[in-house]
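Working notes for the structure below.
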DNA sequence: ATGAAAGCGCTAACAT
DNA sequence: ATGTTAGCGCTTTCAT
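Protein chains in written order, with our numbering: chain A, 21 to 380; chain B, 21 to 380.
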């Protein structure tokens with residue numbers, strides 16, 4: 021870890037490089053041009069009240085004519101805070117986080133902060149580096165979205181700056197955590213399917229994916245509670261399209277063959293959908309299908325997947341609110357918020373066919 | 021614009037807030053603990069060679085025991101450069117940019133820089149603010165991905181820091197531009213369809229979307245060149261699923277009815293695909309379909325869309341390379357790079373049916 | 001209402 | 001090989 025922190029600057033960076041010919045104007049340039057002290061310029065820039073109208077105008081005019089732009093680096097150094105919150109997204113390819121980011125951004129702006137996004141591209145090492153970068157940049161707080169970081173690494177970071185985690189139920193009391201109730205989501209899927217009359221309801225698991233184990237727990241407990249425990253069957257999967265396809269292939273050969281499947285995320289569900297149709301069956305006539313996450317994919321008319329929705333935007337908003345609270349009140353304790361998911365019924369679920377054994 | 025720049029700090033920020041009880045350790049703390057001067061610590065931190073092994077060890081030990089982490093803010097202030105490049109993504113919901121970001125990140129890292137991502141959420145004002153933030157943060161360079169900013173705003177920024185634009189053919193000589201050749205892409209789609217034997221080839225336009233007008237130009241020129249100019253027909257659209265659906269509805273009623281359609285992006289193509297099937301026709305039997313962008317959507321087995329691929333990752337890499345070049349050599353001139361797209365044939369295109377008029 | 005001065009944490013000459 | 005010194009551009013007392 022220390023190696024990531026120290027001595028990591030490329031050598032050539034130490035040699036002098038071509039320099040900008042003219043430096044950008046500073047507060048001193050503005051002060052001179054306006055014929056005032058630099059403190060006065062600083063006051064005007066920060067919108068302090070106690071400044072006469074005449075000097076305010078003079079300063080603004082000078083600043084504008086010079087094209088002056090406050091240097092946030094210098095400001096942050098003296099204020100010892102940057103007013104920006106770093107956000108580490110494990111995987112920007114996962115559209116799930118885009119909406120969480122909307123929530124984060126809105127809440128940050130409301131508090132006078134801005135977010136700076138970095139990504140680790142699913143690589144824990146790169147993520148750790150991104151974290152270190154944000155820490156060195158002295159971000160006032162850090163949000164981890166779908167982080168694949170080791171808890172110890174996160175705990176260490178949480179000791180120097182407030183940290184919030186979204187999208188995964190991170191096992192750490194020192195960080196704010198905002199998640200959707202994946203257990204409840206799994207139950208919701210089963211209850212919907214059982215309510216339609218399905219008995220033989222299988223699941224395609226999400227493996228190591230965030231929330232996967234909770235979703236499976238919800239599936240299993242609901243099956244048991246509804247007296248369907250003996251019909252429960254979980255196929256391995258991994259949150260991918262291919263995983264969904266393979267899971268379905270095995271399920272289609274099972275006896276009794278399930279009449280409904282709960283896939284642990286939308287992508288796997290789409291893979292399942294495709295494999296079912298390729299095998300000559302129809303959805304939902306021959307088999308019902310429920311996904312998870314309510315991504316844009318599920319909403320496509322061409323797919324119209326029944327799925328479980330996570331309040332993504334709200335997750336982002338709450339996480340940022342908790343984080344800002346701790347930034348401004350360092351003694352406040354971190355909290356864990358679990359939000360209820362909600363079923364979105366579309367076109368891939370229907371009652372099972374009368375005949376118990378569907379055929380092509 | 022000046023209003024975005026000055027006096028925008030919320031008033032409460034000026035009051036004192038709860039402070040961290042213990043400040044993070046500085047280079048001076050490390051120096052004291054190690055019994056050396058702070059310059060020596062600085063040297064060790066930056067990995068300079070001319071340091072004796074013994075003092076290096078002492079410094080590292082001291083730094084580690086204190087949990088010291090270099091302050092990039094202070095470092096940037098004195099070096100007058102931050103070694104980070106700001107990236108403004110117009111819309112993080114658009115997965116197209118995720119891969120461009122990969123390329124940007126890789127090339128930045130190779131040059132010893134890091135990227136900081138911000139977003140304007142499709143709102144030009146928010147984008148302008150993000151730009152201002154990055155400028156105040158003194159990013160060494162800025163990349164605009166799918167920017168909706170006014171050319172004057174961009175030109176102004178380009179005067180104080182190198183700027184690169186990706187994904188849209190920005191009309192500005194002062195910025196590096198890296199784009200896919202949308203005209204050629206449009207031609208590719210038509211050539212493929214015509215090669216299969218289609219004559220009546222329609223297009224669903226992309227409206228104001230980035231690259232849309234070039235794609236249409238390519239479509240039109242290829243149709244003319246192939247002697248199909250009279251069969252050309254362009255329906256309005258807007259890069260959305262709904263736009264694709266509506267475009268197809270009108271096309272299905274046209275006489276003669278086209279046997280192939282080129283949609284200006286994948287999302288519109290998926291909308292078209294859905295509407296075609298809903299109307300009782302089959303793809304590609306009754307109608308062939310080509311999209312644009314080769315997004316993850318197109319690659320889904322359930323969709324398997326023939327489409328035009330943009331070298332997204334390469335676009336990112338080249339843009340960053342050009343930008344870094346100008347950062348390190350301020351006198352270098354900005355350049356414009358146009359990359360060739362490439363057709364990806366999947367399952368939505370086939371020769372037209374023998375009967376000239378397909379029926380349900 | 002305004003200015004002078006100190007200092008944020010660090011790097012970069014310039015000594016030695 | 002190491003230390004001393006002078007800033008980087010800004011905010012913030014403290015005077016006036």
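Built from N, CA and C at the ideal position, the CB exists for glycine as well.
Within its chain, find whatever has a CB closer than 8 angstroms to the CB of residue i; leave out the 5 residues flanking it on each side and keep chain order.
i: residue 329 of chain B; result: 313, 314, 361, 362, 363, 364
i: residue 57 of chain A; result: 51
i: residue 114 of chain A; result: 166
i: residue 22 of chain A; result: Bear in mind that a pLDDT of 41 at residue 22 of chain A, under 50, signals an unreliable position, so the number given afterwards is only what the model happens to contain. The answer is none, since no qualifying residue turns up.
Tell me which residues share the same chain as residue i and place their Cβ nearer than 6 angstroms to its Cβ, disregarding the 5 neighbours each side in the sequence.
i: residue 208 of chain B; result: 328, 363
i: residue 178 of chain B; result: 194, 195
i: residue 83 of chain A; result: 50
i: residue 197 of chain A; result: 185, 190, 356
i: residue 54 of chain A; result: 78, 79, 82
i: residue 344 of chain B; result: 131
Can you tell me whether residue i is buried or exposed? The criterion is at least 16 other CB atoms within 10 Å of its CB, across all chains shown.
i: residue 186 of chain B; result: buried
i: residue 48 of chain A; result: exposed
i: residue 153 of chain A; result: buried
i: residue 191 of chain B; result: exposed
i: residue 90 of chain B; result: buried
i: residue 311 of chain A; result: buried
i: residue 291 of chain A; result: buried
i: residue 70 of chain B; result: exposed
i: residue 163 of chain A; result: buried
i: residue 98 of chain B; result: exposed
i: residue 73 of chain B; result: exposed
State the DSSP-derived secondary structure class of residue i, mapped to helix, strand or coil.
i: residue 307 of chain B; result: coil
i: residue 79 of chain A; result: helix
i: residue 167 of chain A; result: coil
i: residue 320 of chain B; result: coil
i: residue 23 of chain B; result: Annotation note: pLDDT 48 at residue 23 of chain B (below 50); position unreliable, no value reported.
i: residue 37 of chain A; result: Residue placement at residue 37 of chain A cannot be trusted, given a pLDDT of 34 that sits under 50; what the coordinates show is reported in the next sentence. Correct three-state label for residue 37 of chain A: coil.
i: residue 334 of chain A; result: helix
i: residue 56 of chain B; result: coil
i: residue 73 of chain A; result: helix
i: residue 178 of chain B; result: helix
i: residue 283 of chain A; result: strand
i: residue 299 of chain A; result: coil
i: residue 292 of chain A; result: helix
i: residue 193 of chain B; result: coil
i: residue 376 of chain B; result: With a pLDDT of 48 at residue 376 of chain B, under the threshold of 50, the modelled position of that residue is not reliable, and no figure is offered here.
Give me the residue from the options with the minimum Cα distance to residue i.
i: residue 352 of chain B; options: B/359, B/181, B/87; result: B/181
i: residue 356 of chain A; options: A/371, A/246, A/368, A/335; result: A/335
i: residue 381 of chain B; options: B/293, B/331, B/96, B/301; result: Outside the displayed range of chain B (21 to 380) lies residue 381 of chain B, so it cannot be described from this structure.
i: residue 81 of chain A; options: A/96, A/117, A/65; result: A/65
i: residue 172 of chain A; options: A/159, A/117, A/144; result: A/144
i: residue 134 of chain B; options: B/161, B/146, B/227; result: B/161
i: residue 204 of chain B; options: B/219, B/233, B/55; result: B/233
i: residue 258 of chain A; options: A/289, A/320, A/85; result: A/289
i: residue 146 of chain A; options: A/320, A/168, A/270, A/213; result: A/168
i: residue 159 of chain B; options: B/141, B/140, B/170, B/184; result: B/184
i: residue 301 of chain B; options: B/285, B/316, B/273, B/286; result: B/273
i: residue 370 of chain B; options: B/241, B/109, B/218, B/297; result: B/218
i: residue 256 of chain A; options: A/248, A/250, A/265; result: A/265
i: residue 337 of chain B; options: B/94, B/127, B/79, B/75; result: B/127
i: residue 44 of chain B; options: B/67, B/85, B/221; result: B/85
i: residue 368 of chain B; options: B/347, B/307, B/348, B/333; result: B/307
i: residue 427 of chain A; options: A/116, A/109, A/295, A/121; result: Chain A is shown from 21 up to 380; residue 427 of chain A falls before or after that span and cannot be answered.
i: residue 295 of chain A; options: A/262, A/316, A/282, A/331; result: A/262
i: residue 68 of chain B; options: A/26, A/213, A/75; result: A/26
i: residue 231 of chain B; options: B/206, B/279, B/243; result: B/206
i: residue 238 of chain A; options: A/200, A/271, A/216; result: A/200
Starting from the C-beta of residue i, find all residues in its chain whose C-beta is less than 7 angstroms away, skip the five residues before and the five after it, and write them out in chain order.
i: residue 254 of chain A; result: 223, 225, 236
i: residue 241 of chain A; result: 207
Runs of 3 residues minimum, wholly inside the stretch 195-278 of chain A: which ones carry the beta strand (DSSP E) assignment?
The qualifying runs are 196-200, 221-224, 253-255.
Please go through the stretch 86-173 of chain A and give each complete beta strand (DSSP E) segment of 3 or more residues, from N-terminal end onward.
If you keep only unbroken beta strand (DSSP E) runs of at least 3 residues inside the stretch 86-173 of chain A, you get 104-109, 134-139, 161-165.
Within the stretch 329-373 of chain B, note down every full alpha helix (DSSP H) run reaching 4 residues or more, in order along the chain.
Whole alpha helix (DSSP H) segments, 4+ residues: 332-348.
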